[in-house]
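Protein chains in written order, with my numbering: chain A, 1 to 107; chain B, 108 to 214.
Virtual Cβ for every residue (Gly too), placed ideally from N, Cα, C.
Notes for the one structure printed next.
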DNA sequence: CTCCCTTTTTCTAATTATTAGAAATTATTT
DNA sequence: AAATAATTTCTAATAATTAGAAAAAGGGAG
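Written out as structure tokens, the structure reads:
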């Protein structure tokens, strides 16, 4: 499997964590909150589609809920391949980060 | 601090792990070994310079050793900023990956 | 009913990053 | 001197991200 970009990795992980509530805006917010980095909301959709095309995610259009506004949400869900890709990344991370110390926060 | 690319992250981590022996080729080999992904050796140098320009790494030209061939090695070393950046990434990873299960390897 | 507001996705142009691979550099060996 | 090996450097092609504007659709206010 080819190497995923950092954003793709973060998106996959967000979809996993958000479970049944993973769509563009919630994924964007989750990543922005956890990383504290500014990214562009629009820019989340391109890698999201790419991940779906590559078979890591499936997309389905959300049903109407009473208070809905805007375009229909596109919800995402991890495929087995997506879960497996995350598992591989996790294994690489465990090797790469082994023994890396906790760093004191600079005040 | 802006978000580092996946390659930049892997390079920084490799420099940390390789200690006094971190230069283009060893960094490339380490990343290739751990990730098992094919990347291009030449393609390691551009992000390496970029990380140095951004202040995460310092470079110094290696001294001649008895059996040297080729261009002088450029060794890299993490700056405090580089170590701090890795610490930040580690903290984000710990949040993002919390509770993610071990996946059985597909045979 | 019409207009505005909000939430959401889509699109586009500009910029930045990666890849592949060939070229250059230098020391050693033949 | 030529060949070889270990390195870095360079270049062109491709891919990815960013910034931000535009479009879609439903709800609510008047």
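For this session: Using a Cβ-Cβ cut-off of 8 Å, state whether residue 197(B) counts as contacting chain A.
Result: Locating residue 197(B) in the second chain gives position 90, where the first residue counts as 1. At a cut-off of 8 Å between C-beta atoms, residue 197(B) counts as an interface residue with respect to chain A.
Exercise. Hey, how far is the Cα of residue 302(B) from the Cα of residue 72(A)?
Worked result: The requested residue 302(B) is not part of the displayed model; chain B covers only 108 to 214.
For this session: To the nearest angstrom, report how far apart residue 32(A) and residue 168(B) are at their CA atoms.
Result: Looking up residue 32(A) in the first chain gives position 32. Looking up residue 168(B) in the second chain gives position 61. The straight-line gap separating the alpha-carbon atoms of residue 32(A) and residue 168(B) is approximately 39 Å.
Problem set entry | Which of helix, strand or coil DSSP assigns to residue 113(A) | Residue numbering for chain A in the displayed model covers 1 to 107; residue 113(A) lies beyond these limits and cannot be assessed.
Problem set entry | Runs of beta strand (DSSP E) wholly within the segment 157-207 of chain B (minimum 3 residues, chain order) | Taken in chain order, the whole beta strand (DSSP E) runs of length 3 or more contained in the segment 157-207 of chain B are 164-168 and 181-185.
Exercise. Considering residue 135(B), what are the terminal residues of the alpha helix (DSSP H) in which it resides?
Worked result: Here residue 135(B) is taken as the residue at index 28 of the second chain, counted from 1. Residue 135(B): member of the alpha helix (DSSP H) spanning 131-142, first to last residue.
Problem set entry | Whole-angstrom distance between residue 16(A) and residue 208(B), CA atom to CA atom | On the second chain, residue 208(B) is found 101 positions in, with the first residue counted as 1. On the first chain, residue 16(A) is found 16 positions in, with the first residue counted as 1. If you take the alpha carbons of residue 208(B) and residue 16(A), they lie about 11 Å apart.
Exercise. For residue 112(B) versus residue 125(B), is the C-beta distance shorter than 8 Å?
Worked result: Against the second chain, residue 112(B) aligns to sequence position 5. Against the second chain, residue 125(B) aligns to sequence position 18. In this structure, residue 125(B) does not lie closer than 8 Å to residue 112(B) by Cβ.
Exercise. When Cβ atoms are compared, which residues of the segment 19-42 of chain A fall closer than 7 Å to chain B?
Worked result: Along the segment 19-42 of chain A, going in chain order, the ones with a CB nearer than 7 Å to a CB of chain B are 34, 35 and 37.
For this session: Return the CA-CA distance between residue 95(A) and residue 141(B), expressed in angstroms with no decimal places.
Result: Looking up residue 95(A) in the first chain gives position 95. Looking up residue 141(B) in the second chain gives position 34. Using only the alpha carbons, I get a separation of about 7 Å.
Problem set entry | Secondary structure of residue 126(B), DSSP reduced to three states | For this step, residue 126(B) is matched to residue 19 along the second chain. Note: residue 126(B) maps to helix in three-state DSSP.
Exercise. Since residue 166(B) contacts residue 181(B) with CB under 8 Å, what's their CB separation in whole angstroms?
Worked result: Your numbering for residue 166(B) matches position 59 in the second chain. Your numbering for residue 181(B) matches position 74 in the second chain. Confirmed, about 5 Å.
Exercise. By the 10 Å Cβ neighbour count, where 16 or more other Cβ atoms means buried, how is residue 40(A) classified, buried or exposed?
Worked result: On the first chain, position 40 is the one that residue 40(A) refers to. Counting every other CB atom within 10 Å of its CB across the protein chains shown gives residue 40(A) a total below 16, marking it as exposed.
Exercise. In chain order, what residues of the same chain lie with their CB nearer than 6 Å to the CB of residue 52(A), ignoring the 5 residues before and after it?
Worked result: As a first step, residue 52(A) must be located in the first chain, where it is residue number 52. Correct list, in chain order: 59.
Problem set entry | Local conformation of residue 103(A) per DSSP, three classes | Against the first chain, residue 103(A) aligns to sequence position 103. Reduced to three states, the DSSP call for residue 103(A) is coil.
For this session: Specify the secondary structure class of residue 6(A) as computed by DSSP and reduced to three states.
Result: Here residue 6(A) corresponds to residue number 6 of the first chain, with the count starting at 1. Helix at residue 6(A).
Exercise. Is residue 78(A) closer than 8 Å to residue 12(A) when the C-beta atoms are compared?
Worked result: Mapped onto the first chain, residue 12(A) falls at position 12. Mapped onto the first chain, residue 78(A) falls at position 78. Closer than 8 Å, so yes.
For this session: Kindly indicate which three-state DSSP category residue 155(B) falls into: helix, strand or coil?
Result: The residue labelled residue 155(B) in the question sits at position 48 within the second chain. Residue 155(B) falls in the helix class under three-state DSSP.
Problem set entry | Cα-Cα separation between residue 82(A) and residue 55(A), rounded to whole angstroms | Numbered from its first residue, the first chain carries residue 82(A) at position 82. Numbered from its first residue, the first chain carries residue 55(A) at position 55. Answer to the nearest angstrom: the Cα atoms are 7 Å apart.
For this session: Could you tell me whether any Cβ in chain B is nearer than 8 Å to the Cβ of residue 86(A)?
Result: Taking the first residue of the first chain as position 1, residue 86(A) is located at position 86. Answer yes: the Cβ-Cβ gap between residue 86(A) and chain B drops below 8 Å somewhere.
Exercise. Could one say the Cβ of residue 151(B) lies closer than 8 Å to chain A's Cβ atoms, at least one of them?
Worked result: Counting from one through the second chain, the residue named residue 151(B) turns up at place 44. At a cut-off of 8 Å, the C-beta of residue 151(B) has no neighbouring C-beta in chain A.
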